[in-house]
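Trainee: Sharing a structure with you now.
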Amino acid sequence: MDYHKILAEINEEVSHLIGKGKVADYIPELAKVNKEKFAIYLLTLDGDSYEIGDAQEAFSIQSISKVFMLALMISKIGKRVYKRVDVEPSGDPFNSLVQLEHENGIPRNPFINSGALVITDMMLSHFDNPKEEMISFIRSLAGDDNIFYNESVAISEMRTGFKNAAMVNLMKSFGNIENDIDDVLELYCYCCSIEMSCCQLAKAFRVFANHGKGVVDTHQYISKSQFKRIAAIMLTCGFYDEAGEFAFQVGLPGKSGVGGGIAAIMPGDYSIVVWSPGLNEKGNSLVGMKALELFTTKTGSSIF
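Its first residue numbered 1104, the sequence shown is counted upward by one per residue in our numbering.
The structure is reproduced here in structure tokens:
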């Protein structure tokens, strides 16, 4: 497979879309991001890598961090995670309150904001220093210590995260939040603020492509059974209320973030990350969605 040629073709075919869409300006720090940025980074389990564009530039991974949060908690307490968070697609926006109230404070899945806030609460309950545990876990997955929180982005999110605060308060009223509300919100915002490049994200997600086993260090971060469940949730819930469209057009388990990143895997084969900050109306990268659709079409690779 001539991946260099394929990525160059994709770059050409999406060029007219680059700069379109809308950045996540409801988070003031993200409103400053250049919409013209675009990158793809492909990494195989054999260690071959291919890249286009700004693949070495760090950006705010936002909700992609929810995959790492879930994996960290599953590695700690196993399937007990799913007693407080469901695994069904939401069909609603990622910050919806309506469904949450109707279902008695149990979030539909770990990849919408309410679900990730419950995972955050679990992190506070089970780790002495969850903020350090989180960043150390991601650094280990990527084999790279040069991954950090962005203080400015975290503070920006804390100042404007009124719906997140409403969700935590609502879930607290149903008994599904154990810790102090402010502590939950702060840790959640820091997790979303993590900055990684496409290259670093692809290295971290390659562990998931390898069924939860490290490629460099051979450590089993999560069991194969746990990986299977995380991959299933990525496929059905990784793109908010556009998850069905992504499965239909792309056919890979993945996760998006409002920073414009999308990370996806072909289990047993590769991880691939795209970045383009302009978002569509569903909050997913406009160019990223198209680029991954073209990639799986051109390579004939999907899980189906």
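C-beta atoms are modelled at their ideal positions from N, C-alpha and C, and glycine is treated no differently.
Just curious, the beta strand (DSSP E) that residue 1327 is in, first and last residue?
Mentor: The sequence position of residue 1327 within the sequence shown is 224, counting from 1. Residue 1327 -> not in any beta strand (DSSP E); alpha helix (DSSP H) instead, spanning 1327-1340.
Trainee: Determine, using beta carbons only, whether residue 1300 and residue 1160 come nearer to each other than 8 Å.
Mentor: Residue numbering aside, residue 1300 sits at position 197 when the sequence shown is read from its first letter. Residue numbering aside, residue 1160 sits at position 57 when the sequence shown is read from its first letter. The answer is yes: Cβ separation under 8 Å.
Trainee: So if DSSP puts residue 1376 in a beta bridge, which residue, or which two residues, is it bridged to?
Mentor: Locating residue 1376 in the sequence shown gives position 273, where the first residue counts as 1. In the DSSP output, where bridge partners are listed per residue, residue 1376 has 1144 and 1366.
Trainee: Could you tell me the alpha carbon to alpha carbon distance between residue 1072 and residue 1298, rounded to whole angstroms?
Mentor: Missing from the structure shown is residue 1072; the chain here goes from 1104 to 1407 and no further.
Trainee: Beta carbon of residue 1382, beta carbon of residue 1367: below 8 Å?
Mentor: If you number the sequence shown from 1, residue 1382 lands on position 279. If you number the sequence shown from 1, residue 1367 lands on position 264. Not in contact: residue 1382 and residue 1367 (Cβ atoms no closer than 8 Å).
Trainee: If distances are taken between C-alpha atoms only, which option among 1113, 1265 and 1157 comes closest to residue 1303?
Mentor: As a position in the sequence shown, residue 1303 is number 200, starting the count at 1. Checking every option, the nearest Cα to that of residue 1303 belongs to 1157.
Trainee: Here's the rule: buried if 16 or more other CB atoms are within 10 angstroms of the residue's CB, otherwise exposed. What is residue 1169?
Mentor: Start at 1 with the first residue of the sequence shown, and residue 1169 comes out as number 66. Residue 1169 comes out buried.
Trainee: If you follow the alpha helix (DSSP H) that residue 1179 is part of, which residue opens it and which one closes it?
Mentor: Translated into the one-based positions of the sequence shown, residue 1179 becomes position 76. Unbroken alpha helix (DSSP H) run through residue 1179: 1168-1180.
Trainee: Straight-line CA distance for residue 1106 to residue 1167?
Mentor: Walking along the sequence shown from the start, residue 1106 turns up at place 3. Walking along the sequence shown from the start, residue 1167 turns up at place 64. Near 25 Å, if we compare the C-alpha coordinates of residue 1167 and residue 1106.
Trainee: Measure the C-alpha to C-alpha separation of residue 1265 and residue 1184 and round it to an integer number of angstroms.
Mentor: Against the sequence shown, residue 1265 aligns to sequence position 162. Against the sequence shown, residue 1184 aligns to sequence position 81. Computed Cα separation, rounded: 25 Å.
Trainee: Please state whether the Cβ-Cβ distance between residue 1247 and residue 1306 is less than 8 Å.
Mentor: Locating residue 1247 in the sequence shown gives position 144, where the first residue counts as 1. Locating residue 1306 in the sequence shown gives position 203, where the first residue counts as 1. Yes; because the gap between Cβ atoms is below 8 Å, this pair is in contact.
Trainee: Residue range of the alpha helix (DSSP H) that residue 1293 falls in?
Mentor: One-based indexing of the sequence shown puts residue 1293 at position 190. Here the alpha helix (DSSP H) through residue 1293 covers 1284-1295.
Trainee: Just to confirm the assignment, what range does the alpha helix (DSSP H) spanning residue 1255 have?
Mentor: If you number the sequence shown from 1, residue 1255 lands on position 152. From DSSP, the alpha helix (DSSP H) with residue 1255 extends over 1254-1263.
Trainee: Going by the CB atoms, is the gap between residue 1192 and residue 1340 shorter than 8 Å?
Mentor: As a working note, residue 1340 is residue 237 in the sequence shown. As a working note, residue 1192 is residue 89 in the sequence shown. Yes, the pair counts as a contact, with Cβ atoms nearer than the cut-off.
Trainee: Would you say the beta carbon of residue 1145 is closer than 7 Å to some non-hydrogen atom of the ligand HEM?
Mentor: Within the structure as shown, the ligand HEM is missing, as the structure has no ligands at all.
Trainee: Helix, strand or coil for residue 1064, going by three-state DSSP, please let me know.
Mentor: Outside the displayed range of the chain (1104 to 1407) lies residue 1064, so it cannot be described from this structure.
Trainee: What's the gap between the Cα of residue 1203 and the Cα of residue 1379?
Mentor: Here residue 1203 refers to the residue found at position 100 when the sequence shown is read from its first residue. Here residue 1379 refers to the residue found at position 276 when the sequence shown is read from its first residue. Near 30 Å, if we compare the C-alpha coordinates of residue 1379 and residue 1203.
Trainee: Looking at the unbroken beta strand (DSSP E) that takes in residue 1359, where does it start and where does it end?
Mentor: Translated into the one-based positions of the sequence shown, residue 1359 becomes position 256. Boundaries of the beta strand (DSSP E) harbouring residue 1359: 1357-1359, taken from the DSSP string.
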